[in-house]
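The next block holds one structure in the form of structure tokens; read it before the comments.
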């Protein structure tokens, strides 16, 4: 029965066109992507070997963009008509044939696959239905399943550029897929309403050109669903369900060609033929009514006109949130309506902008959240791989939050980003939630920088496609570390002409290692390489050198591919040579409380003055061929010089360039020193005015 | 005077009067007659009188010969037409009126009778009847002629695809005049293959406008649809409905039957709400049974023309 109820609340109709020039799908997809794990879980792209999703760029189909950009591009391209009519596959009528469902059924023939069959390909790979415009059909290349293939390739392909391209194709595929979820929020797509494809129908045109879609998305925080199968985002394939997007839309809303009718006699709204729901009764048993409501129509010239329109009014039920949206405008009265009433005919109704506007707050946020949920579902496989305590054994962790069953592979990646499978795989396993299993394989080759674990199979209760043994892929990229090895400890060497050559284990610990080398008066040489005698040079002296030196060198066994260093001292052929060498473990301080090459504070004294002394004499003082300062002796007494010298024998001293003031007299130029033994002075074998090397020991 | 003499005198006087009229061309059109163009009973000829290779048009009024009984004889009196002959000569794609034409033009050997529909109506609500000369083939130009206060014809508008957006001479077309928007001015109604295809609305100056914007074209489509309803012509109305909507409205039209013709009497003039490249929404009020309800009628651009999508 028609109720002529005038509501005080006014509706605004015909608001000006929003500033969106991109497609509605692009906007919803961008918002959906931003709410998905791609952007809210920083570890997701990192697990796949990539960086910040806001800046990481991927190529696909001639475009290069971020994950969000490519998802938007895919969502737009799903409507591409240039090759064949993809949109024919954008329909799913879940109520058909007792909820068996159907795709686009027009002109007494199915012209499109059911949307989930096409978008997910969970039942089989599909070709578009053969038509004059696409004889033989075109393969679907941008499905959820194709996206999973791209994800697998993004993990296992050898070359980094190929993997990045696969990531791009994966994101674009996701865009194509979420396009379908968004179409399922358009009633015509769920009610076999064969609206024209070019131009879009009025609902889509109005949404695109007269509605600020983004404002409905940012103003709402509809909960993101998480279902066990991708298909559930469309339908539960059961009567009375209002959860999947197709089920929700088809059973709550009517469309242009499948609108309400009225019962002749009572005038009450009733369902359209072939579509049991919605009918004249809300889910709670109350009737849907025909009511008059005041609306404010914004005319093209910007003025508003107060009007009264008739609407079918009823509830909208959302099983995902259990929300009942009461009093929603579901259809508007036709201009022919009243004439039909007078003649006691079934009324007809139209789909007008007040109806659209009243339901955008429900449909658009739901489309966004379901898009995000489907993206999350796509990436629900999460793994880890870590070293086991046993050599050449690794532990794989299932972090998916649900059981997984399938095949695991491990790849190693070198510094150029090239990946190869490790030997020993693949491994087949079924892991419970949080389950682990161990795999063994030979240690990857030197230069390995990363390790990748890859899974393909089933995740949770989602079945694998009948024509394949897998439907889901997952993986994780970790930084590769060599097996743990301890540093062999500090090594000290000393010697003469024979030198020394050895390989020393520095271990897998991180940090810099220190070396100290001292050659005395007769110079010697040192070369240190990574690994062995042909490894890259880590440090070396400038040929034969004298004196003390110390180096701190980074220890990066992963980069170098070895934990060892090769050390060689080339002793001077002069058999009188002497050198000392210390090598510490990474992070070890060679000068601390346990110095590798102990030093002594040595104080030299030069000359002395007799009675009536005048002037001064000096000489350049060298120790171990290194100029250490000018030695002075003057009329006021001896001069001093303090040095730290390595304890031990073999230090060579030498005075050069002895000179005195012209009037010098009564100055003695002998020299001695005192080392770490208090009160024990040693006379130097040569005086300041004597040339030639002399040996002395430091205690 | 006897009774017989008086009629004779009257006949003579009448004959003299007609002769005066016939021999005094300068005064023949001195007083404008509102329906002069219609009464002129023009015959239309086409040719190339000015030799520019483009069709020219000549309109010759029919000459009425009235037999006047004079004594025992019926004396034929040539009654001058209420409007003179005129020619429409092309020049660079535009037409110039020559009224009356020179003898050289009138007698140009290229003139041949042409199939023209002559439609009469008051296009600007001034009380005078205008003439729509509609060439029934594409190559024959169509015109709107009016009558000046002096009684001479006036070329008001050349009707072509360029000026009004429709080729009135297109194959299968039939053109009529009717006041489709109820403003007192006659409008053009074009049928193609029997179905109302479009209308052209006469403005206050009696000119038919070219709906060369989406908004105007959609409104014109709406008027054509409404004209179809007013005519009770359901096939024409369905022809102006989008392909998808035909089943829905076909059922409704069938339900309404003969009531279709009176349906739009209570509908207001359309006011644009949403105007887009592919869709236009019009606000229309329906006042039936003392209450008014608003409706948003949606038209869409489908297969090169505007049609009603939601009603």
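Chains as they are written, first to last, in the working numbering: chain A, 1 to 699; chain B, 1001 to 1311.
We treat Cβ as the ideally placed atom computed from N, Cα and C, and that holds for glycine.
Legend entry - Backbone secondary structure at residue 1103 of chain B - three-state DSSP: Reduced to three states, the DSSP call for residue 1103 of chain B is helix.
Inset, instruction - Take residue 1270 of chain B as the anchor and find which of B/1299, B/1261, B/1289 and B/1141 has the nearest alpha-carbon. - result: Considering only alpha carbons, the answer is B/1299.
Legend entry - Buried versus exposed call for residue 611 of chain A [16 or more other C-beta atoms within 10 Å across all chains shown]: The residue is exposed, with fewer than 16 neighbouring Cβ atoms inside 10 Å.
Legend entry - Residues near residue 724 of chain A in its chain [Cβ-Cβ closer than 7 angstroms; skip 5 each side]: The structure shown does not extend to residue 724 of chain A, since chain A is modelled only from 1 to 699, so the question has no answer here.
Legend entry - Selection from A/650, A/39 and A/459 that minimises the alpha carbon distance to residue 67 of chain A: Considering only A/650, A/39 and A/459, the residue with the shortest C-alpha distance to residue 67 of chain A is A/39.
Legend entry - Members of the stretch 1136 to 1162 of chain B that neighbour chain A once the beta carbon cut-off is set at 8 angstroms: Listed in chain order, the positions of the stretch 1136 to 1162 of chain B with a beta carbon within less than 8 angstroms of a beta carbon of chain A would be empty, since no residue qualifies.
Legend entry - alpha helix (DSSP H) runs contained entirely in the stretch 1136 to 1224 of chain B, provided each spans 4 or more residues: List check, alpha helix (DSSP H) in window: 1161 to 1164.
Legend entry - Identified DSSP bridge partners for residue 604 of chain A: In the DSSP secondary-structure assignment, residue 604 of chain A is bridged to A/641 and A/673.
Inset, instruction - Would you mind working out which of A/457, A/628, A/695 and A/640 sits nearest residue 578 of chain A, comparing C-alpha positions? - result: With distances taken between Cα atoms, residue 578 of chain A lies closest to A/695.
Inset, instruction - Note down, in chain order, each residue of its chain lying with its Cβ closer than 7 angstroms to the Cβ of residue 136 of chain A, except the 5 sequence neighbours on either side. - result: The beta carbon of residue 136 of chain A sits closer than 7 angstroms to the beta carbons of 130 from its chain, once the five residues preceding and following it are set aside; these are given in chain order.
Legend entry - Inter-stretch contact at 8 angstroms, needing at least 3 Cβ pairs: the stretch 316 to 332 of chain A / the stretch 1250 to 1263 of chain B: Fewer than three beta-carbon pairs drawn from the stretch 316 to 332 of chain A and the stretch 1250 to 1263 of chain B are found closer than 8 angstroms, and the two stretches are therefore not classed as touching.
Legend entry - Whole-angstrom C-beta distance between residue 179 of chain A and residue 78 of chain A, which should lie under 8 angstroms: The Cβ separation is near 4 angstroms, so the contact holds.
Legend entry - Contact set between residue 297 of chain A and chain B, taken where Cβ atoms lie within less than 8 angstroms: Correct list: 1273, 1283, 1294 and 1296.
Inset, instruction - Assign residue 688 of chain A to buried or exposed, taking buried as 16 or more other Cβ atoms, counted over all protein chains shown, within 10 Å of its Cβ. - result: With a threshold of 16 other beta carbon atoms within 10 Å, residue 688 of chain A meets it and is buried.
Inset, instruction - Please list the segments of the beta strand (DSSP E) lying wholly inside the stretch 386 to 414 of chain A, counting only runs of 3 or more residues, in order along the chain. - result: Here the runs fully enclosed are 393 to 398 and 404 to 414.
Inset, instruction - Rounded to whole angstroms, what's the CA-CA distance from residue 1295 of chain B to residue 350 of chain A? Just pull it up for me. - result: Approximately 9 angstroms, taken between the alpha carbons.
Inset, instruction - Taking the CB atoms as reference points, tell me whether residue 1114 of chain B and residue 1087 of chain B lie closer together than 8 angstroms. - result: At least 8 angstroms separates the beta-carbon of residue 1114 of chain B from that of residue 1087 of chain B.
Inset, instruction - Can you check the stretch 178 to 238 of chain A for any alpha helix (DSSP H) of at least 4 residues that lies completely inside it and give the ranges in chain order? - result: Restricting attention to alpha helix (DSSP H) runs no shorter than 4 residues, the stretch 178 to 238 of chain A encloses them at 202 to 210 and 213 to 218, ordered along the chain.
Inset, instruction - Please report the residue range of the alpha helix (DSSP H) in which residue 159 of chain A lies. - result: Membership of residue 159 of chain A in any alpha helix (DSSP H) is not indicated, and neither H nor E is assigned to it by DSSP.
Inset, instruction - Taking only the alpha-carbon atoms, compute the straight-line gap between residue 718 of chain A and residue 575 of chain A and give it to the nearest angstrom. - result: Shown here, chain A extends from 1 to 699; a query on residue 718 of chain A therefore has no answer.
Legend entry - Between the CA atoms of residue 482 of chain A and residue 401 of chain A - distance to the nearest angstrom: When rounded, the distance between both Cα atoms is 30 angstroms.
Legend entry - Buried versus exposed, by CB contacts within 10 Å (16 or more), residue 659 of chain A: That one is exposed.
Inset, instruction - Starting from residue 277 of chain A, follow the alpha helix (DSSP H) in both directions and report where the run begins and ends. - result: Neither: residue 277 of chain A is in no alpha helix (DSSP H) and is coded neither H nor E.
Inset, instruction - Let me know the secondary structure DSSP gives residue 449 of chain A once reduced to three states. - result: DSSP places residue 449 of chain A within a strand segment (E or B) once states are collapsed to three.
Legend entry - the stretch 1230 to 1263 of chain B: positions lying closer than 9 angstroms to chain A by Cβ: If you check each beta-carbon in the stretch 1230 to 1263 of chain B against every beta-carbon of chain A, the ones closer than 9 angstroms belong to 1242, 1243, 1244, 1245, 1247, 1248, 1249, 1251, 1252, 1253, 1255, 1256, 1257, 1259, 1260, 1262 and 1263.
Inset, instruction - Inspect the beta-carbon positions of residue 1193 of chain B and residue 1223 of chain B and report whether they are closer than 8 angstroms. - result: It is not a contact, given that the beta carbons lie outside the stated cut-off.
Legend entry - chain B contact for residue 470 of chain A (CB, 8 angstroms cutoff): When Cβ-Cβ separations below 8 angstroms define contact, residue 470 of chain A makes no contact with chain B.
Inset, instruction - Spatial neighbours of residue 528 of chain A within its chain, please: CB distance less than 6 angstroms, with the 5 preceding and 5 following residues excluded, ordered by chain position. - result: Excluding positions up to five away in sequence, the list reads 538, 539, 565 and 567.
Inset, instruction - Helix, strand or coil for residue 100 of chain A, going by three-state DSSP, please let me know. - result: Three-state DSSP puts residue 100 of chain A in coil, outside helix and strand.
Legend entry - residue 1047 of chain B in three-state terms, based on DSSP: Strand, per DSSP.
Legend entry - Element boundaries [beta strand (DSSP E), containing residue 476 of chain A]: Per DSSP, residue 476 of chain A belongs to the beta strand (DSSP E) from 472 to 479.
Inset, instruction - Examine chain A for any beta-carbon lying closer than 8 angstroms to the beta-carbon of residue 1042 of chain B, and answer yes or no. - result: So no, residue 1042 of chain B is outside the interface.
Inset, instruction - Flag this pair as yes or no: are the beta carbons of residue 86 of chain A and residue 80 of chain A separated by less than 8 angstroms? - result: Closer than 8 angstroms, so yes.
Inset, instruction - With DSSP collapsed to three states, give me the class of residue 1307 of chain B. - result: In the structure shown, residue 1307 of chain B sits in a strand (DSSP, three-state: E or B).
Inset, instruction - Could you name the residues that DSSP lists as bridge partners for residue 540 of chain A? - result: DSSP, once it has assigned bridges, lists A/527 as partnering residue 540 of chain A.
Inset, instruction - Give the interface partners of residue 1311 of chain B over in chain A, defined as CB-CB distance under 9 angstroms, in chain order. - result: Under the 9 angstroms cutoff, chain A gives 334, 335, 336, 348 and 350.
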